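Below is one structure; the comments refer to it alone.
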Amino acid sequence: MINLTPVQETAVSTPTTSFLQGPAGSGKTTVLQHRLLRLLAAGEPAYTILILVAEPDHQTIYTDFLHQSGVGPYADLKVTTYPQMAQEMVALFWPLVARPAGFARPYQPPTFLSYDLAQLLMWRIITPMLTEGAFANLRLRPQQIVSQLLDTLNRAALNALSLDEAIQRQMDTWVGEPERLLHLADAAKAARQFRQTCLHNSLLDLSLVIEVFDTQLVQHPEFHRYFSERYRHLLVDNVEEQTPAGQNFVANLMQATQTTNA
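Numbered continuously in the numbering used here, the sequence shown closes out at residue 455.
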């Protein structure tokens with residue numbers, strides 16, 4: 194184990210919510226690792242602790258640390274990313290959110306689309322559009338158009354923007370050739386048709402998972418009640434690397450836990 198600085202030791206032992214500031218490599222993750230260890234050593238069940246990381250490959254930073262520390266059982270510890278948490282919670286609370294979110298068949302269980310399946314669905318959307326002349330003179334292969342459309346949807350949701358807000362922002366800020374506005378209109382049509390297909394068939398790509406979680410669940414009283422009973426301590430690794438939607442989640446739920454450390 195490394196020796197902590199006095200500032201780090203204070204952050205580790207604080208019984209209240211705390212936020213850490215500092216550049217990369219300044220020891221913020223080290224503080225959270227030792228905060229986690231302190232909680233478990235004090236008898237806090239691993240089941241009551243949620244660790245939110247910015248990237249999936251950051252999860253092992255905490256599990257490997259605990260394994261090396263020799264601390265007691267921690268199999269119930271939840272280490273996850275915001276998108277993973279969003280999908281899990283939307284599935285769990287589906288009966289609560291399906292109708293308000295606009296799904297045509299709220300009684301039909303959700304089907305979560307991998308990126309590959311979302312690409313196939315978007316391909317089905319744009320193929321007849323291409324035949325009719327959409328995206329004319331756009332120097333992109335159809336597969337690139339599909340990828341860009343999905344990436345635009347995902348970025349909008351992760352930045353806490355609705356589909357319509359994202360489309361309008363693109364239109365309002367475009368300063369290039371007028372012809373490209375036609376391409377933006379084609380992209381908007383494809384995105385809206387993709388979204389309507391998902392809503393009609395209870396399909397959720399990443400963008401729809403994030404939007405439903407951010408707009409329907411994060412501020413819902415029932416979700417707050419569940420979260421406060423399920424988790425007593427929230428640890429957020431590198432909160433500045435979280436997307437705006439992820440930061441919304443932290444801001445709204447930090448009052449539901451006994452402590453939040455980020």
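Beta carbons: idealized from backbone N, C-alpha and C, even for Gly. All values derive from a computational prediction rather than experimental measurement.
Classified as buried, valine 429 has 16 or more neighbouring CB atoms from the shown chains inside 10 Å of its CB. If you ignore the 5 residues before and after leucine 446, its C-beta comes within less than 6 Å of the C-beta of Phe420, all in its own chain and listed in chain order.
Note that the C-beta distance between threonine 304 and leucine 396 is below 8 Å. For the region 240-303, the continuous beta strand (DSSP E) assignments of 3+ residues that do not extend past its boundaries occur at 242-246, 271-274, in sequence order. Note: serine 211 is bridge-paired with Asn454 in the DSSP secondary-structure output. Taking C-beta atoms under 8 Å as the contact rule, asparagine 454 and serine 211 qualify, at a distance of about 5 Å. In this structure, leucine 343 sits away from methionine 364, with a CB-CB distance that is not shorter than 8 Å.
A direct Cα-to-Cα measurement between glutamine 280 and glutamate 248 gives close to 15 Å. For alanine 449, the closest of Arg385, Ile242, Leu233 by C-alpha to C-alpha distance is Ile242. By the neighbour-count criterion, in which a residue is buried when 16 or more other Cβ atoms sit within 10 angstroms of its Cβ, proline 276 is buried.
Beta-bridge partners of valine 429 (DSSP): Leu245.
Exclusion of the five residues before and after valine 290 leaves Val283, Val405, Gln409, Leu410 as the residues of its chain whose Cβ lies within less than 7 Å of its Cβ. Relative to proline 321, the option among Trp367, Gln201, Asp379 whose CA is nearest is Asp379. Put simply, the backbone Cα of arginine 332 is about 11 Å away from that of histidine 376.
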